[in-house]
């Protein structure tokens, strides 16, 4: 199957299905070729619950950049314990990470957008490419409400950089809808969310936000940028 050419037909089918049925449909159609990348955010915890609670055969993986909050690492363990499902953890290539730190310094990411994006590439983008190699569907927890950069996305779209179809099952969910689902289903989540950390990435690149601030204002707060790391770049 030419997956890129099949995209319009798949969109018609996915539009008829809710998130759980959409995940199951794609897992059945692309057996062992569907993967879900979780950053352990609230959206991703919802999708992990949907996959694990319904025994949908989708591999779940996460990227440990080497600079995550301890609370995020602890959440991996709590999630695996609750759902009895292993989350595959990928790490940056050691030589690439060491070379980066030699070049820009341990906190050189603060010095320029270019340095920060180089750090994101080594710690996140390159490991992601390894995880997606040979797969057909990449499931993500993106929501249109998260940022203006994501408002024009579709539930199923072609990711040119990784040559894969990206499925965003929660794209049209609101923040309040997501929180209600988490509470209803007793889904484990990062305690930092209760302290104003709405969007959580690496510890050096994330701060809590104040009332009225955009949800992603706490990411790379020292920059005037599009608040993206490159994983979901157009």
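Numbering (the UniProt record's numbering), first residue to last: 1 to 234. Cβ coordinates follow ideal geometry from the N, Cα and C atoms, glycine included.
(message) With H, G and I counted as helix, E and B as strand and the rest as coil, what does DSSP make of residue 146?
(response) helix
(message) By DSSP's criteria, residue 59 is part of a beta bridge. Which residues make up the other side?
(response) 35
(request) For residue 71, collect the residues of the same chain with a Cβ closer than 7 Å to its Cβ; drop the 5 residues on either side in sequence, then sort them by chain order. (result) 190, 191 and 192
(request) List the endpoints of the continuous beta strand (DSSP E) containing residue 157. (result) 156-159
(request) From the DSSP output, in three-state form, read off residue 166 for me. (result) strand
(message) With DSSP as the reference, identify every bridge partner of residue 139, one or two as the case may be.
(response) 36 and 167
(message) For the pair the segment 212-221 and the segment 194-203, tell me if three or more CB-CB distances fall below 8 Å.
(response) Contact holds: three or more Cβ-Cβ distances are below 8 Å.
(message) Please state whether the Cβ-Cβ distance between residue 142 and residue 213 is less than 9 Å.
(response) no
(message) Buried or exposed, going by whether 16 or more other CB atoms sit within 10 Å of the CB of residue 62?
(response) It is buried - the Cβ of residue 62 has at least 16 other Cβ atoms within 10 Å.
(request) Would you check if there are 3 or more beta carbon pairs closer than 8 Å linking the segment 128-144 to the segment 162-174? (result) Taking 8 Å as the limit for Cβ pairs, the verdict is that the segment 162-174 does touch the segment 128-144.
(message) Please give me, in chain order, every unbroken run of the alpha helix (DSSP H) with length at least 4 that falls completely inside the segment 40-128.
(response) The qualifying runs are 42-53, 70-83, 94-104 and 113-120.
(message) Once the 5 residues before and after residue 173 are set aside, which same chain residues still bring their CB inside 6 Å of it?
(response) Here the set comprises 143.
(request) With DSSP collapsed to three states, give me the class of residue 130. (result) helix
(message) Looking at residue 155: is its Cβ nearer than 9 Å to the Cβ of residue 11?
(response) Result yes, Cβ atoms of residue 155 and residue 11 sit closer than 9 Å.
(message) Is residue 2 a contact residue of the ligand GTP, with contact defined as CB to any heavy atom under 8 Å?
(response) Of the ligands one can find in the structure shown there are none, so the ligand GTP has no counterpart to examine.
(request) Count the other CB atoms, across all protein chains shown, that sit within 10 Å of the CB of residue 35; report buried if there are 16 or more and exposed otherwise. (result) buried
(message) Quick check on residue 123 - is its C-beta less than 9 Å from some C-beta in chain C?
(response) Annotation note: the requested chain C is absent from the structure, which comprises a single protein chain.
(message) Less than 9 Å between the beta carbons of residue 122 and residue 161, yes or no?
(response) no
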